[in-house]
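*Asks:* Can you keep this structure in mind? I'll have questions shortly.
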Amino acid sequence: MVWLFVVIAIVVILILIFAGTYNSLVRLRNRVKNAWAQIDVQLKRRHDLIPNLVETVKGYTTHERETLEAVTNARNLAQKAIGTGVGAQSKAEGELSSALSRLLAVVENYPDLKANQNFLALQEELTSTENKISFSRQFYNDSVLNYNNKTQMFPSNIIASVTGFKADEFFEVEAAAEREAPKVSFS
Amino acid sequence: MWEQIRSNRIRSVVLVAGMALLLFLIGYFLGLAFFENPVGGLIIALIVWGIMSLIAYFQGDSILLALSRARKISRDDYPRLYNIVEEMKIASGLEKMPDIYIIDDPALNAFATGRDPNKASVAVTSGLLQKLNRDELQGVIGHEIAHINNRDVLLMAMCGVLLGTIVILAWYATRILFFGSMFGGRRSSGGGGQAQLIILAVGIVLMILAPIAAQFIYFAISRKREYMADASSALYTRYPEGLASALEKLAASTTPVKSANNASAPMYIINPFRKKGRAATDLTSTHPPISERIRILRSMAGGASLADYDSAYRQVHKRGRGVMPAASIASAGTVGLRAAAPEAAQPEPEPGKVERSREVSDLMWRLNKYKTINCACGTKLKVPPAFKGDSVRCPHCGRINPL
Numbered sequence: 001m002v003w004l005f006v007v008i009a010i011v012v013i014l015i016l017i018f019a020g021t022y023n024s025l026v027r028l029r030n031r032v033k034n035a036w037a038q039i040d041v042q043l044k045r046r047h048d049l050i051p052n053l054v055e056t057v058k059g060y061t062t063h064e065r066e067t068l069e070a071v072t073n074a075r076n077l078a079q080k081a082i083g084t085g086v087g088a089q090s091k092a093e094g095e096l097s098s099a100l101s102r103l104l105a106v107v108e109n110y111p112d113l114k115a116n117q118n119f120l121a122l123q124e125e126l127t128s129t130e131n132k133i134s135f136s137r138q139f140y141n142d143s144v145l146n147y148n149n150k151t152q153m154f155p156s157n158i159i160a161s162v163t164g165f166k167a168d169e170f171f172e173v174e175a176a177a178e179r180e181a182p183k184v185s186f187s
Numbered sequence: 188m189w190e191q192i193r194s195n196r197i198r199s200v201v202l203v204a205g206m207a208l209l210l211f212l213i214g215y216f217l218g219l220a221f222f223e224n225p226v227g228g229l230i231i232a233l234i235v236w237g238i239m240s241l242i243a244y245f246q247g248d249s250i251l252l253a254l255s256r257a258r259k260i261s262r263d264d265y266p267r268l269y270n271i272v273e274e275m276k277i278a279s280g281l282e283k284m285p286d287i288y289i290i291d292d293p294a295l296n297a298f299a300t301g302r303d304p305n306k307a308s309v310a311v312t313s314g315l316l317q318k319l320n321r322d323e324l325q326g327v328i329g330h331e332i333a334h335i336n337n338r339d340v341l342l343m344a345m346c347g348v349l350l351g352t353i354v355i356l357a358w359y360a361t362r363i364l365f366f367g368s369m370f371g372g373r374r375s376s377g378g379g380g381q382a383q384l385i386i387l388a389v390g391i392v393l394m395i396l397a398p399i400a401a402q403f404i405y406f407a408i409s410r411k412r413e414y415m416a417d418a419s420s421a422l423y424t425r426y427p428e429g430l431a432s433a434l435e436k437l438a439a440s441t442t443p444v445k446s447a448n449n450a451s452a453p454m455y456i457i458n459p460f461r462k463k464g465r466a467a468t469d470l471t472s473t474h475p476p477i478s479e480r481i482r483i484l485r486s487m488a489g490g491a492s493l494a495d496y497d498s499a500y501r502q503v504h505k506r507g508r509g510v511m512p513a514a515s516i517a518s519a520g521t522v523g524l525r526a527a528a529p530e531a532a533q534p535e536p537e538p539g540k541v542e543r544s545r546e547v548s549d550l551m552w553r554l555n556k557y558k559t560i561n562c563a564c565g566t567k568l569k570v571p572p573a574f575k576g577d578s579v580r581c582p583h584c585g586r587i588n589p590l
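Chains as they are written, first to last, in my numbering: chain A, 1 to 187; chain B, 188 to 590.
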């Protein structure tokens, strides 16, 4: 009789542990999804800002056609890459980031442009969008780390593999240029 | 990060339970002393506490904002501030964008309020907006968002209510006891005179000690929360230097916030009460000393994770124990720092009287064969010629400077 109770108690405890772990896995996976959606919102905002920026810069500069074209092309490629998976999308966005930072470095040569109110507002928006992208990527990676830890660590990894939770991919910065600050020389 | 919030909650619950126990004790002795029945006192204490908490819970944030004369702003009024708040909202993973308020005051300060993360507000003074650059403002807003995200606002409001109730009850009780014993003496005529006297004595001691003890608990909770918020801000921004240099500017400013009061003091990023014309000192009680907070942030050389903050804290305090709960440190990976945001160059000011007299004094030091080292925080270290050793610790920011 006593043994029966012990067995029932153990089974109940196991079920509770299973339910708790499963729920926290679901919570973590949803956080990862939500964080990814956040990145998408900010990337879209960046894509929307760029034509405006290119137009404004075009009015003031004369010899920067190549830089501007590179930005436009990178933007179009990045827009096409939406929905093709974390790896491809982060590569395209990395290209766009480095093209943008080249453009912003070039802009330093045009004092008239830098005094333009419209451009200043755009620049604040762009700076902030870049920050938001990196912050949402940061939060996404933190969430992925938490989620992956849970799916790979004992004992939750057993429940994760039984119920089909798989480790997620980090949003890496692909282009090496984005890791380094653009070099500006004054010679 | 989420584990940290959870284990914080346990620790805070213990401290809050301590305060609640004090409140019960006061109610108990109040009842014993006045009604010869502890239940009456307990009921009075609970009613006072209940009314105050309900007000604080439902109306606390609007009362606080109204008292500080804050006005709500939209994105178009202050795009940069709005953007920075949104950046920190994203970095912290907060679900809803907090409302933003501005207090028209030249003082430098900021606070967060709201009973839960979905109904939160951030308020900054207009002076803060003018004096801080983008990175510094980001650090301050990160600190405030961390208060929201760690649910400090509700906790501190509830603790404030407990403290307030204890203080009010103790204040009235001591007055009544005092005048009662002057004019009355009716109760001591009964049979249990001895017991009455003991209860009265214990009651008086309790009435005096309880508010002080509650205050200590309150400050302990508040200071710990400040460290946590600093650490989280560094983690969100990946740039502890931003908050450090903002705190430096806040500490150096001598204008107190006009519209701050006792209830709202712990909500601000630094203590808003300072003697007029004096910079914030290390004696500010609801907050840890600013110089120490700056030193900890500046010592975070390795990275921006909570573990890095913890080891920086230990380095500054030279004690074994850190401030972060162990669970939060173990789970986090390494977190890199980022570089400063490029800022529009500010025009170099003309050398004033102070600069010129400094130049002369430097010359005198040099003539006496003192070596000078410029620390990165702006302090000039003067090393005497007899000094032996290969590095000097800056007394101001704690950096180690090689000779």
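Glycine included, every Cβ here is placed at the ideal spot set by N, Cα and C.
For Glu124(A), return the contacting residues in chain B, with the cut-off set at a CB-CB distance below 8 Å.
*Replies:* Pro266, Arg267, Asn270
*Asks:* Quick check on Arg664(B) - is its C-beta less than 9 Å from some C-beta in chain A?
*Replies:* Here chain B comprises residues numbered 188 to 590, so residue 664(B) is not present and cannot be evaluated.
*Asks:* Check for me: the beta strand (DSSP E) holding Thr312(B) runs from which residue to which?
*Replies:* 308–312
*Asks:* Using DSSP bridges, identify the partner residues of Tyr288(B).
*Replies:* Paired residue(s): Lys259(B), Ala310(B).
*Asks:* With DSSP as the reference, label Lys575(B) as helix, strand or coil.
*Replies:* coil
*Asks:* Among the residues of its own chain, which have a CB less than 7 Å from the CB of Tyr110(A), if the five just before and after it don't count?
*Replies:* Excluding sequence neighbours, Tyr110(A) sits near Tyr60, Thr61.
*Asks:* Check whether the region 285–298 of chain B touches the region 249–260 of chain B, counting contact only when three or more Cβ pairs, one atom from each stretch, lie closer than 8 Å.
*Replies:* yes
*Asks:* What whole-angstrom Cβ distance do Leu113(A) and Val57(A) have, given they're in contact under 8 Å?
*Replies:* Contact check for Leu113(A) and Val57(A): beta-carbon distance about 7 Å, within the 8 Å limit, so the pair qualifies.
*Asks:* Can you list, in chain order, the residues of its chain with a C-beta nearer than 7 Å to that of Gln152(A)? Leave out the 5 residues immediately preceding and following it.
*Replies:* Ala167
*Asks:* In the DSSP assignment, what residue or residues form a beta bridge with Pro589(B)?
*Replies:* Paired residue(s): Ser578(B).
*Asks:* What residues from chain B crowd round Ser136(A), counting only those whose CB sits closer than 7 Å?
*Replies:* Ile277
*Asks:* To the nearest whole angstrom, what separates the beta carbons of Tyr455(B) and Phe298(B), a pair I think is in contact under 8 Å?
*Replies:* 5 Å
*Asks:* Strictly by DSSP, which residues pair up with Tyr56(A)?
*Replies:* Looking at the sequence provided, one finds Thr at residue 56(A) rather than Tyr. Answer is none; Thr56(A) lacks a bridge partner.
*Asks:* So, using beta-carbon positions, are Ala418(B) and Asp497(B) closer together than 9 Å?
*Replies:* yes
*Asks:* Which of the three DSSP states is assigned to Val570(B) in this structure?
*Replies:* strand
*Asks:* Ile395(B) by DSSP, collapsed to three states: which one?
*Replies:* helix
*Asks:* How is the beta strand (DSSP E) around Lys558(B) delimited, first residue to last?
*Replies:* 558–561
*Asks:* Would you mind giving the Cβ-Cβ distance between Leu295(B) and Leu315(B), rounded to the nearest angstrom? I have them listed as a contact below 8 Å.
*Replies:* Going by Cβ atoms, the distance from Leu295(B) to Leu315(B) rounds to 5 Å, so yes, they are a contact pair.
*Asks:* Looking at C-alpha atoms only, which residue of Gln138(A), Glu69(A), Leu104(A), Thr129(A) is the closest neighbour of Val41(A)?
*Replies:* With respect to the C-alpha of Val41(A), the residue from Gln138(A), Glu69(A), Leu104(A), Thr129(A) having the closest C-alpha is Thr129(A).
*Asks:* By the three-class DSSP mapping on this structure, what secondary structure does Ala491(B) have?
*Replies:* In the three-state DSSP reduction, Ala491(B) falls in the coil class, being neither helix nor strand.
*Asks:* Hey, out of Asp495(B), Leu493(B), Ala431(B), Ala494(B), whose CA is closest to Pro476(B)'s CA?
*Replies:* Ala431(B)
*Asks:* Assess contact between the region 339–357 of chain B and the region 389–404 of chain B, defined as three or more Cβ pairs (one per stretch) separated by less than 8 Å. Is contact present?
*Replies:* Using a Cβ-Cβ distance cut-off of 8 Å, the region 339–357 of chain B and the region 389–404 of chain B are in contact, since at least three pairs of beta carbons, one from each stretch, lie closer than that value.
*Asks:* Using only CA atoms, which one of Ile481(B), Leu342(B), Gly351(B) lies nearest to Ala232(B)?
*Replies:* It is Gly351(B) whose Cα lies nearest to the Cα of Ala232(B).
*Asks:* How big is the Cα-Cα spacing for Ala467(B) and Ala438(B)?
*Replies:* Residue confidence is low: Ala467(B) scores 47 on pLDDT, short of 50, so the model does not pin down where it sits. No coordinate-derived value is stated.
*Asks:* Express the C-alpha separation of Arg482(B) and Ile457(B) in angstroms, rounding to a whole number.
*Replies:* 15 Å
*Asks:* Assess contact between the region 27–37 of chain A and the region 63–77 of chain A, defined as three or more Cβ pairs (one per stretch) separated by less than 8 Å. Is contact present?
*Replies:* no
*Asks:* Name the chain B residues whose beta carbon is nearer than 7 Å to that of Asn131(A)?
*Replies:* Glu274
*Asks:* In chain B, which residues lie with their C-beta within 8 Å of the C-beta of Gln89(A)?
*Replies:* Those do not exist, as Gln89(A) stays about 18 Å from chain B at its closest Cβ, beyond 8 Å.
*Asks:* At a CB-CB cut-off below 7 Å, which residues of chain A make contact with Gly326(B)?
*Replies:* For Gly326(B), no chain A residue has a Cβ inside 7 Å of its Cβ, as the nearest lies near 13 Å away.
*Asks:* DSSP has Tyr455(B) in a bridge; who is on the other side?
*Replies:* Phe298(B)
*Asks:* Is the CB of Arg258(B) under 9 Å away from at least one CB in chain A?
*Replies:* no
*Asks:* Helix, strand or coil for Leu16(A)? Go by DSSP, reduced to three states.
*Replies:* helix
*Asks:* Does DSSP put Tyr110(A) in a helix, a strand or coil?
*Replies:* coil
*Asks:* Would you mind reading off the limits of the alpha helix (DSSP H) that contains Phe139(A)?
*Replies:* 117–152
*Asks:* Can you pull the chain B neighbours of Ser128(A), defined as C-beta to C-beta under 7 Å?
*Replies:* Asn270, Glu274
*Asks:* Using the C-alpha atoms, what's the distance from Cys581(B) back to Asn588(B)?
*Replies:* 7 Å
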